[in-house]
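Student: Here it is, the structure in full.
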Amino acid sequence: MAKLRFHIRYPEEKIPSPILYEIGKEYQVVPSIRRADVRETTGWMDVEFTGEADEIDRAVQGLRQKGCMVDPIELNVVE
Amino acid sequence: MIKKMQSLVCRECGKEYPTQDIHVCELCFGPLEVKYDYAAIKQVMTREKIASGPHSLWRYVDLLPVEGTHFIGLHAGFTPLVHAKNLGAFLGLDNLYIKNDCVNHPTLSFKDRVVAIALTRARELGFETVACASTGNLANSVSAHAASAGMKCYVFIPGDLEAAKVLGNLIYRPNVVEIEGNYDDVNRLCSEIAGERHWAFVNINIRPYYAEGSKTLAFETAEQLGWRAPDQVVVPMASGSLLTKIWKGFKEFEKLGILDSVNTKINGAQAEGCSPIATAFREGRDFFKPVKPHTIAKSLAIGNPADGYYALKTAAESQGAMDAVTDDEIVESIKLLAQTEGIFAETAGGVTIGVLRKLVKQGRIQKSDVTVAYITGNGLKTQEAVVDSVGRPFRIPPSLSHFIKTFAIEESA
Numbered sequence: 001m002a003k004l005r006f007h008i009r010y011p012e013e014k015i016p017s018p019i020l021y022e023i024g025k026e027y028q029v030v031p032s033i034r035r036a037d038v039r040e041t042t043g044w045m046d047v048e049f050t051g052e053a054d055e056i057d058r059a060v061q062g063l064r065q066k067g068c069m070v071d072p073i074e075l076n077v078v079e
Numbered sequence: 080m081i082k083k084m085q086s087l088v089c090r091e092c093g094k095e096y097p098t099q100d101i102h103v104c105e106l107c108f109g110p111l112e113v114k115y116d117y118a119a120i121k122q123v124m125t126r127e128k129i130a131s132g133p134h135s136l137w138r139y140v141d142l143l144p145v146e147g148t149h150f151i152g153l154h155a156g157f158t159p160l161v162h163a164k165n166l167g168a169f170l171g172l173d174n175l176y177i178k179n180d181c182v183n184h185p186t187l188s189f190k191d192r193v194v195a196i197a198l199t200r201a202r203e204l205g206f207e208t209v210a211c212a213s214t215g216n217l218a219n220s221v222s223a224h225a226a227s228a229g230m231k232c233y234v235f236i237p238g239d240l241e242a243a244k245v246l247g248n249l250i251y252r253p254n255v256v257e258i259e260g261n262y263d264d265v266n267r268l269c270s271e272i273a274g275e276r277h278w279a280f281v282n283i284n285i286r287p288y289y290a291e292g293s294k295t296l297a298f299e300t301a302e303q304l305g306w307r308a309p310d311q312v313v314v315p316m317a318s319g320s321l322l323t324k325i326w327k328g329f330k331e332f333e334k335l336g337i338l339d340s341v342n343t344k345i346n347g348a349q350a351e352g353c354s355p356i357a358t359a360f361r362e363g364r365d366f367f368k369p370v371k372p373h374t375i376a377k378s379l380a381i382g383n384p385a386d387g388y389y390a391l392k393t394a395a396e397s398q399g400a401m402d403a404v405t406d407d408e409i410v411e412s413i414k415l416l417a418q419t420e421g422i423f424a425e426t427a428g429g430v431t432i433g434v435l436r437k438l439v440k441q442g443r444i445q446k447s448d449v450t451v452a453y454i455t456g457n458g459l460k461t462q463e464a465v466v467d468s469v470g471r472p473f474r475i476p477p478s479l480s481h482f483i484k485t486f487a488i489e490e491s492a
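Chains as they are written, first to last, in this note's numbering: chain A, 1 to 79; chain B, 80 to 492.
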């Protein structure tokens, strides 16, 4: 089992959607929220996914298809 | 040498960790930074001791996150602080200074500061291989320092990077890895590799130490001003880390009694084509929205800045401001700095000077304020940004008469 950490950002229109719940149902991954800030117009979460590495990859793609921005927990490391 | 590092501490929840190669809090995933024993440091760090130290950033070793005395990057830092009288006169400022990291060694950008610290610490932690994800200055510096230290080096770059930038790495013979993808792909892959390999990724798992190198810009500024903090500084922002560390550097000197007081306004500068932090500031938000970068200031083109939140907090705490300039303003400002002070800065320098001009016009920086603008890289690295706007040489036949005619000089009798 792999554990991978991500910073997930929600577009405004997705704030009311239970996206993380849906991802947990659609893919064999267990999300664990460590920090989050969800407001009326923006929202982000720092999340750890536990699961098979390939399945986590698919879950990340699923998040992107739902309109989320998914980055490594370090955010942008290219300098 | 005293034991100055106590721990790594989470900037969010305060949980402490040993001073190892970790960068994210296991509990809340917040970023880690070095916690120092300031009481112990205060016993040994004085103005006199600093002044008698080497002419490099290592004169401030008591406030840097290394344990030994076998340093890598012996020539980084202690760059000139230029009293910019001509540019000051143009802008209406009596006390403008340029902190000129165009001439930082060995690779002509401020990155030599952070990399000197990162590689020294990496070797202390037992690493033999160093790595980074970069599009320019950072890769150059890591490659050069690794070569001089005899360490293995991997540099990860996007596959479509300009040839000149690739060459600037290859000359030092690191393993340059071009990723078939864009910046985001490089970013993601490097985070994954950092989790897999026991390598020192300077801006990932060594980041808590690496970032501390930026403090030396503040230390040097204060010393070179005659042991005082400036009234205003203007700092370019990519991840936002540099701005927060300059503030931290001044405050550390104040805490240790090396400076009597610090009332510096910390101002941040970005390019309009990638200004998530400056935009948040202008809109009065305490959070930023990520952007897709599109600017000639590529060394600042980080659309999802890791320290953006902390940079906003620093500006608020110090009562500073932030603003952004267009690509045209960047080019004009590069030329202005070159033509008034003889300093050829890279595009990030154009961003700094452009925003300095804006802040003066807005009345945020006053005529008598002691103001320092940080120029973080050399213009020879980004010549393509100005090549079409600097004119052409005069071309004449090899004759005195043509020369005199071309320049309308009166012939002598």
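Glycine included, C-beta positions come from ideal geometry on N, C-alpha and C.
#1: Consult DSSP for aspartate 386/B and reduce its assignment to one of helix, strand or coil.
#2: From His162/B, Gly305/B and Met124/B, pick the residue whose C-alpha is nearest to that of asparagine 174/B; which is it?
#3: For the alpha helix (DSSP H) containing alanine 223/B, name the first residue and the last one.
#4: Hey, quick one: how far does the beta strand (DSSP E) through valine 466/B stretch, first residue to last?
#5: Return yes when the Cβ of threonine 199/B is within less than 7 Å of the Cβ of phenylalanine 150/B, no when it is not.
#6: Please state the DSSP three-state secondary structure of valine 341/B.
#7: With the cut-off set at 7 Å, would you say leucine 391/B and glutamate 79/A are in Cβ contact?
#8: Here's the rule: buried if 16 or more other CB atoms are within 10 angstroms of the residue's CB, otherwise exposed. What is methionine 80/B?
#9: Less than 6 Å between C-beta atoms, sequence neighbours within five positions excluded: which residues of the same chain meet that for tyrosine 139/B?
#10: Taking C-alpha atoms, which residue in Val123/B, Val370/B, Cys92/B and Met316/B lies nearest to threonine 393/B?
#11: Shorter than 7 Å from the beta carbon of tyrosine 453/B to some beta carbon of chain A?
#12: Using a Cβ-Cβ cutoff of less than 6 Å, which residues in the same chain neighbour alanine 385/B once the five nearest sequence positions on both sides are dropped?
#13: Could you check whether the segment 399-410 of chain B touches the segment 359-368 of chain B, counting it as contact only if at least three pairs of C-beta atoms, one from each stretch, sit closer than 8 Å?
#14: Under a Cβ-count criterion, where at least 16 other Cβ atoms within 10 Å of its own Cβ denotes burial, should cysteine 353/B be classed as buried or exposed?
#15: Using a Cβ-Cβ cutoff of less than 7 Å, which residues in the same chain neighbour proline 144/B once the five nearest sequence positions on both sides are dropped?
#16: Kindly indicate if chain A contains any beta-carbon less than 7 Å away from that of leucine 217/B.
#17: Residues of the segment 352-365 of chain B with a CB closer than 7 Å to any CB of chain A: list them in chain order, please.
#18: Assuming serine 320/B is part of the alpha helix (DSSP H), what are its boundary residues?
#19: Based on Cα-Cα distance, which residue from Ala118/B, Tyr96/B, Ser447/B and Lys334/B lies nearest to phenylalanine 108/B?
#20: In angstroms with no decimal places, state the Cα-to-Cα distance between proline 253/B and arginine 471/B.
#21: With three or more C-beta pairs closer than 8 Å as the rule, is the segment 226-237 of chain B touching the segment 254-261 of chain B?
#22: So is asparagine 22/B buried or exposed if we call it buried at 16+ other beta carbons inside 10 Å?
#23: Counting along the chain, where does the alpha helix (DSSP H) carrying tyrosine 262/B start and finish?
Tutor: Considering the structure as presented:
#1: coil
#2: His162/B
#3: 216-228
#4: Per DSSP, valine 466/B belongs to no beta strand (DSSP E) and is neither H nor E.
#5: yes
#6: coil
#7: no
#8: exposed
#9: Thr295 and Phe298
#10: Met316/B
#11: no
#12: Ser318
#13: yes
#14: buried
#15: Met84, Val113, Ile196, Arg200, Tyr288 and Glu291
#16: yes
#17: none
#18: 320-334
#19: Tyr96/B
#20: 37 Å
#21: yes
#22: The structure shown does not extend to residue 22/B, since chain B spans only 80 to 492, so no value can be given for it.
#23: 262-275
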